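Peer 1: All letters in the sequence shown, in the order written, are residues 28 to 214 by the working numbering. The structure that follows is given in the form of structure tokens.
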Amino acid sequence: MSDSGISVLGICGSLRKASYNMAALRAAIALKPAGMSVTVADISEIPPYNEDVRAGGFPATVETLRQEIAAADALLFACPEYNYSMSGVLKNAIDWASRPPDQPFAGKPCAIIGAAAGMAGSARAQYDLRRSCVFLDMHPLNKPEVLIGQAHTKFDAEGNLLDEVAKNLIRDLMAALAGWARQIGKH
Ligand SMILES: Cc1cc2nc3c(=O)[nH]c(=O)nc-3n(C[C@H](O)[C@H](O)[C@H](O)COP(=O)(O)O)c2cc1C
């Protein structure tokens with residue numbers, strides 16, 4: 028962790044331009060505390076996982092992601108819900124990045140936000156992601172949970188988050204992530 032603050036890598040599980048999850052990630056960047064920087068990973072060109080391809084070396088897009096994860100003090104996942112679980116795009120990126128050597132997720136503090144069309148606001152997907160965090164040896168922040176349900180009612184047409192409850196939760200989560208990263212980073 029540098030003296031200048033905490034560096035966070037955002038990873039969004041939706042690739043569509045008008046993604047509510049990417050919009051939530053932008054809101055998180057706007058609401059982050061002083062002393063924190065957030066960059067967003069580009070996972071759009073990561074190919075479907077194939078062990079035969081990996082045997083020949085990580086694709087450049089994966090290598091970049093792995094280096095970004097390793098360099099970050101903490102991760103922030105924006106987690107869509109697809110069929111009651113995380114999106115294939117997100118799982119695929121995690122699967123690629125997680126392969127040895129030097130599994131970059133290990134010991135990393137992380138936080139999760141999510142927006143979904145359903146009432147549960149991606150809760151089921153987030154809990155699946157938390158399960159993967161256990162295997163990956165990450166340290167996910169427990170609370171606050173940011174579950175933006177009925178997302179189409181919470182953002183305007185430009186993707187600005189309008190919902191004050193969600194905004195406050197995201198602000199609290201970013202502050203908690205800063206504290207969590209400092210705490211975990213000491214070990
Ligand atoms: C394949 C697929 C499966 C989905 N399954 C769920 C679901 O299980 N629960 C839910 O609340 N919404 C579900 N949705 C709706 C998404 O929440 C909605 O499309 C949301 O906008 C996706 O996130 P994004 O805006 O970041 O792309 C699903 C959408 C797709 C494309």
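Using N, Cα and C, we set each Cβ at its ideal position, and we do this for glycine too. The structure presented is a predicted model; accordingly, all values stated were derived computationally and were not measured.
1) Just to check my reading of the structure: V35 and M63 have Cβ atoms closer than 8 Å, yes? What is that Cβ distance to the nearest angstrom?
2) If you pair each beta-carbon of the segment 131 to 143 with each one of the segment 66 to 74, do three or more pairs fall below 8 Å?
3) To the nearest whole angstrom, what separates the beta carbons of A82 and G186, a pair I think is in contact under 8 Å?
4) Any idea if H214 is buried or exposed, counting beta-carbon neighbours within 10 angstroms, 16 or more meaning buried?
5) From K44 to A184, what does the alpha carbon distance come to, in whole angstroms?
6) Along the chain, where does the beta strand (DSSP E) containing S64 start, and where does it finish?
7) Rounded to the nearest angstrom, what separates S112 and I121 at their Cα positions?
8) Thinking C-beta only, is I33 closer than 8 Å to A101?
9) Can you give the Cα-Cα distance for L52 and G84, rounded to whole angstroms?
10) State whether the segment 194 to 203 contacts the segment 161 to 180, with contact taken as three or more CB pairs (one from each stretch) at a distance under 8 Å.
11) In whole angstroms, what separates the C-alpha of A57 from that of A143?
12) Can you check the segment 105 to 176 for any alpha helix (DSSP H) of at least 4 residues that lies completely inside it and give the ranges in chain order?
13) Please state whether DSSP places C96 in a helix, a strand or coil.
Peer 2: Judging by the given coordinates:
1) Here the question's residue 35 lines up with position 8 in the sequence shown. Here the question's residue 63 lines up with position 36 in the sequence shown. Correct: roughly 6 Å between the Cβ atoms.
2) no
3) Translated into positions along the sequence shown, residue 82 becomes position 55. Translated into positions along the sequence shown, residue 186 becomes position 159. That pair is no contact at about 40 Å.
4) One-based indexing of the sequence shown puts residue 214 at position 187. Any answer about H214 is weak, because its pLDDT of 39 lies below 50 and its placement is not dependable; what the coordinates show is given next. The residue is exposed, with fewer than 16 neighbouring Cβ atoms inside 10 Å.
5) Position 17 of the sequence shown holds residue 44. Position 157 of the sequence shown holds residue 184. C-alpha separation (whole angstroms): 12 Å.
6) As a position in the sequence shown, residue 64 is number 37, starting the count at 1. Counting along the chain, the beta strand (DSSP E) containing S64 begins and ends at M63 to V67.
7) Stepping through the sequence shown from its first residue, residue 112 is reached at position 85. Stepping through the sequence shown from its first residue, residue 121 is reached at position 94. Taking the straight line from one Cα to the other gives about 14 Å.
8) Working through the sequence shown from its first residue, we reach residue 101 at position 74. Working through the sequence shown from its first residue, we reach residue 33 at position 6. Against a cut-off of 8 Å, the Cβ pair of I33 and A101 comes out as a contact.
9) As a first step, residue 52 must be located in the sequence shown, where it is residue number 25. As a first step, residue 84 must be located in the sequence shown, where it is residue number 57. Cα to Cα, the separation comes out at about 31 Å.
10) yes
11) If you number the sequence shown from 1, residue 57 lands on position 30. If you number the sequence shown from 1, residue 143 lands on position 116. In a straight line, the C-alpha of A57 is about 20 Å away from that of A143.
12) 115 to 124 and 150 to 162
13) Along the sequence shown, one-based indexing puts residue 96 at 69. Looking at the sequence provided, one finds Ile at residue 96 rather than Cys. Correct three-state label for I96: helix.
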